[in-house]
Amino acid sequence: EIPRKILHVSIGFVTLYLYTTGRQPTSIHPVLLTLLIPIAATDVIRHNYPSVNRFYIRCLGALMRESEVDGWNGTISYLLGAYLVLLLLPKDIGVMSILLLSWCDTAASTFGRLWGKYTPQVRRGKSLAGSIAAFITGIATAGLFWGVISHYTPAEYDTGRYAFAFQGALVLPGQVRELLGVSKEVVTISGGLALGVMSIWAGLVGSVSEAIDLFGWDDNVTIPVLCGAGLWAFLRTFGHG
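Mapping of the sequence shown onto this note's numbering: position 165 corresponds to residue 162, and the numbering continues sequentially without gaps.
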């Protein structure tokens, strides 16, 4: 369990390293797909040949959940989730979705095991303690990425087709402004206040995505996809380009 958690958390740091060194999504998601295909093929083979499965578990068992012994390798879902958000979403949302998967999921699991028995259950196997941990971690992650790391990264990394969806300001939608009879300037927030709101939303999205059960699918794919969808919808509504 511990080696698996370390690997899970390390993906977030690898993601930040790739971001800060100027790697763009268009150069990363083909690599993810290239890794996904043989790993998925290996899982198909091992589930059809018990001797291969035994050898596979002997080599990689320390990094596997119990459910992965007879089920699908979580790495497949991890790669698929990361591939989808980097392929389909704006750069900053894709990066944040992977960070939320890496760190919120681990925080929820860790603190849920430690303190979950003292708090109500959000659903079967998910505690309020874990959800709170994911929420706080999501806030901190968004603040770190949008508030610190992105400001110390060369601006040319995030321009043109790689421009951020979150541009440091939030505003009420035009229809709401018309209904209220106020100007755009009056209902626009920026700077630390906008970052705070965005971080709280990211924490909420990360916490809900971690707790929800979507058709029984692996959370390694549902968490980044749901986080990406939630962040994208919020910024489509309130973003200030």
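By construction, the Cβ of each residue, glycine as well, lies at the ideal position given by its N, Cα and C atoms.
Quick one: using the 10 Å Cβ neighbour count with 16 as the cut-off for buried, is residue i buried or exposed?
i      : result
Asn217 : buried
Tyr115 : exposed
Trp229 : buried
His26  : buried
Glu207 : buried
Thr72  : buried
Asp102 : buried
Phe231 : buried
Pro22  : buried
Ile129 : buried
Ala104 : buried
Please work out which residues of its chain come closer than 8 Å, Cβ to Cβ, to residue i, disregarding the five sequence neighbours upstream and downstream, and give them in chain order.
i      : result
Pro117 : Ser124, Leu125
In whole angstroms, what is the alpha-carbon distance linking residue i and residue j?
i      : j      : result
Gly113 : Gly127 : 7 Å
Thr134 : Asn50  : 36 Å
Ser106 : Leu81  : 24 Å
Pro221 : Val92  : 9 Å
Asp215 : Trp198 : 23 Å
Arg43  : Ile36  : 11 Å
Ser24  : Phe142 : 21 Å
Ile8   : Ser187 : 30 Å
Leu76  : Leu177 : 45 Å
Ala137 : Thr31  : 32 Å
Trp100 : His5   : 8 Å
Thr39  : Leu29  : 16 Å
Val41  : Leu57  : 16 Å
Ser147 : Ala139 : 11 Å
The ligand NAD heavy atoms versus the CB of residue i: any closer than 7 Å?
i     : result
Pro47 : Absence of the ligand NAD is noted for the structure shown, with no ligands found whatsoever.
Within the same chain, show all residues whose beta-carbon is closer than 7 Å to that of residue i, passing over the 5 residues directly before and after it, in chain order.
i      : result
Asn45  : none
Gly225 : Val82, Leu86, Ile90, Gly91, Ser94
Using C-beta distances below 6 Å, list every residue in its chain close to residue i, excluding the 5 sequence neighbours before and after it, in chain order.
i      : result
Gly122 : none
Tyr154 : Gly19
Asp17  : It should be noted that the sequence gives Thr, not Asp, for residue 17. So the qualifying residues of the chain are Thr150.
* **Contact between the stretch 84 to 91 and the stretch 147 to 165 (3+ Cβ pairs under 8 Å)** => The stretch 84 to 91 vs the stretch 147 to 165: in contact.
* the stretch 62 to 69 contacting the stretch 164 to 173, beta-carbon criterion three pairs below 8 Å -> With a cut-off of 8 Å, the stretch 164 to 173 and the stretch 62 to 69 do not count as touching, because too few Cβ pairs lie within range.
* **Validate contact between the stretch 92 to 102 and the stretch -1 to 17 using beta carbons, cut 8 Å, 3 pairs** => Contact holds between the stretch 92 to 102 and the stretch -1 to 17, because three or more Cβ pairs, one in each stretch, are under 8 Å apart.
* Asked: What runs of the alpha helix (DSSP H), each 4 residues or longer, lie entirely inside the stretch 105 to 180?
  -> With a minimum length of 4 residues, the continuous alpha helix (DSSP H) runs that stay inside the stretch 105 to 180 are 125 to 144, 171 to 177.
* Asked: What alpha helix (DSSP H) runs, 4 residues minimum, are completely inside the stretch 6 to 78?
  -> Secondary structure in the stretch 6 to 78: the alpha helix (DSSP H) runs of 4 residues or longer, each lying completely within the stretch, are 22 to 45, 47 to 57, 64 to 67 in chain order.
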